[in-house]
Amino acid sequence: MHAPVISLDRVRFRWPDTTNDVINIESFSVSKYEKLFINGPSGCGKSTLLNLIAGVFEPTVGDIRILDKSITQFSQAKRDAFRADHIGFVFQQFNLLPYLSLIDNVILPCHFSKSRKKQTLSDCRSLQEAAYELLSKLGIVKGDLDKNSVLQLSVGQQQRVAVARALVGSPQIVVADEPTSALDEDAQTDFLQLLFELCDKSGCTLLFVSHNRQLETMFDRVVSLPELNQTTAKV
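Structure follows, in structure tokens:
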């Protein structure tokens with residue numbers, strides 16, 4: 090059993106000027122290299138939990154440790170820098186920048202993280218070459234690579250660009266928030282198999298959140314957030 094790379098201890102979170110907790114988790118951990126599936130319906134707190142783990146939100150009380158560092162002791166600026174170095178994020182809406190090329194979208198994390206830039210350049214001659222390799226593995230063909238804007242891509246292709254951006258520089262943790270919601274069933278399975286392969290190659294831990302329980306059997310472990318989260322408040 091590998092040591093945990095994510096651990097929550099008596100974590101509660103509520104919005105400012107409110108009295109009800111939207112997150113109330115006594116204990117939760119994710120092991121190194123684990124592929125964890127967190128399920129739950131809309132409004133149960135999935136995105137809030139991810140933002141707490143990523144250090145975007147600060148818990149009202151409790152301790153969150155990432156890679157054996159208590160990020161609740163960090164300033165917001167230090168949490169932002171820590172996230173940039175160690176966590177790749179695949180957002181539900183992808184959050185790609187339309188004014189950047191496909192390649193520039195992928196290598197964007199390397200401009201915010203010296204460690205991810207250094208890791209990328211240790212494997213490839215340039216950041217651009219690393220982006221081309223990742224996109225190629227994810228099925229983006231040369232004709233699409235030459236497009237000037239991500240808005241010219243299909244939703245499935247935009248998803249792959251978002252995954253490449255999360256994986257560039259081999260972060261230790263990849264967090265994916267409903268990334269397959271726009272794909273049909275066959276495409277979801279193919280996408281997950283490819284995502285697993287890339288995570289295995291880079292040696293990262295995968296935290297995958299979705300309401301689609303048909304995907305659960307592909308993961309190492311499944312957690313129900315409504316059962317883990319001891320509150321009935323809506324998010």
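In our numbering, the protein residues as written are 90 to 324.
Ideal placement from N, C-alpha and C gives every residue a C-beta, glycine not left out.
Alpha-carbon spacing of residue i relative to residue j, whole angstroms
{"i": "Val239", "j": "Gly245", "result": "11 angstroms"}
{"i": "Glu316", "j": "Leu242", "result": "38 angstroms"}
{"i": "Lys323", "j": "Pro130", "result": "Here Lys323 scores only 49 on pLDDT, less than 50, and its place in the model should not be relied on; the value that follows carries that caveat. Taking the straight line joining both Cα atoms gives about 11 angstroms."}
{"i": "Lys231", "j": "Val111", "result": "45 angstroms"}
{"i": "Asp169", "j": "Lys207", "result": "18 angstroms"}
{"i": "Leu138", "j": "His300", "result": "14 angstroms"}
{"i": "Leu272", "j": "Asp212", "result": "31 angstroms"}
{"i": "Asp275", "j": "Pro187", "result": "28 angstroms"}
{"i": "Lys203", "j": "Thr161", "result": "23 angstroms"}
{"i": "Lys158", "j": "Gln181", "result": "27 angstroms"}
{"i": "Arg214", "j": "Ile192", "result": "15 angstroms"}
Cβ-based burial, residue i [other Cβ within 10 Å; buried from 16]
{"i": "His175", "result": "buried"}
{"i": "Lys135", "result": "buried"}
{"i": "Asp266", "result": "buried"}
{"i": "Gln248", "result": "buried"}
{"i": "Asn184", "result": "exposed"}
{"i": "Gly177", "result": "buried"}
{"i": "Pro198", "result": "buried"}
{"i": "Leu97", "result": "buried"}
{"i": "Asn109", "result": "exposed"}
{"i": "Thr107", "result": "exposed"}
{"i": "Gln165", "result": "exposed"}
{"i": "Leu314", "result": "buried"}
{"i": "Pro105", "result": "exposed"}
Proximal residues to residue i (C-beta, below 7 angstroms), its chain only, five neighbours per side dropped
{"i": "Val195", "result": "Ala220, Leu223, Leu224, Val250, Ala253, Arg254, Val257"}
{"i": "Met201", "result": "This sequence places Phe at residue 201; Met is not what is there. Counting only Cβ-Cβ distances below 7 angstroms, and skipping sequence neighbours, we find Ala173."}
{"i": "His91", "result": "Ser120, Lys121, Tyr122"}
{"i": "Leu156", "result": "Val94, His175, Gln261"}
{"i": "Gln277", "result": "Thr269, Leu304"}
{"i": "Pro148", "result": "Val100, Arg101, Phe102, Leu141, Thr161"}
Chain-order list of residues whose beta-carbon lies under 8 angstroms from that of residue i (same chain, five-residue window excluded)
{"i": "Val150", "result": "Arg99, Val100, Arg101"}
Three-way DSSP call (helix, strand, coil) for residue i in this model
{"i": "Pro198", "result": "helix"}
{"i": "Lys323", "result": "The pLDDT assigned to Lys323 is 49, lower than 50, so where the model puts this residue is not dependable; a value taken from the coordinates is nonetheless given after this. Lys323: coil per DSSP, three-state reduction."}
{"i": "Phe297", "result": "strand"}
{"i": "Val111", "result": "coil"}
{"i": "Ile229", "result": "coil"}
{"i": "Leu185", "result": "coil"}
{"i": "Ser291", "result": "helix"}
{"i": "Leu304", "result": "helix"}
{"i": "Asp309", "result": "coil"}
{"i": "Ser204", "result": "helix"}
Under 9 angstroms between C-beta atoms of residue i and residue j
{"i": "Gln261", "j": "Thr294", "result": "yes"}
{"i": "Val179", "j": "Pro268", "result": "yes"}
{"i": "Lys124", "j": "Phe308", "result": "yes"}
{"i": "Val298", "j": "Val264", "result": "yes"}
{"i": "Ile95", "j": "Ser118", "result": "yes"}
{"i": "Asn128", "j": "Arg302", "result": "yes"}
{"i": "Leu304", "j": "Leu283", "result": "no"}
{"i": "Ser259", "j": "Ser291", "result": "yes"}
{"i": "Ser190", "j": "Lys226", "result": "no"}
Residues near residue i by beta carbon distance below 6 angstroms, same chain, minus five either side
{"i": "Gln319", "result": "Asn113"}
{"i": "Arg205", "result": "Pro198, Cys199, Gly258"}
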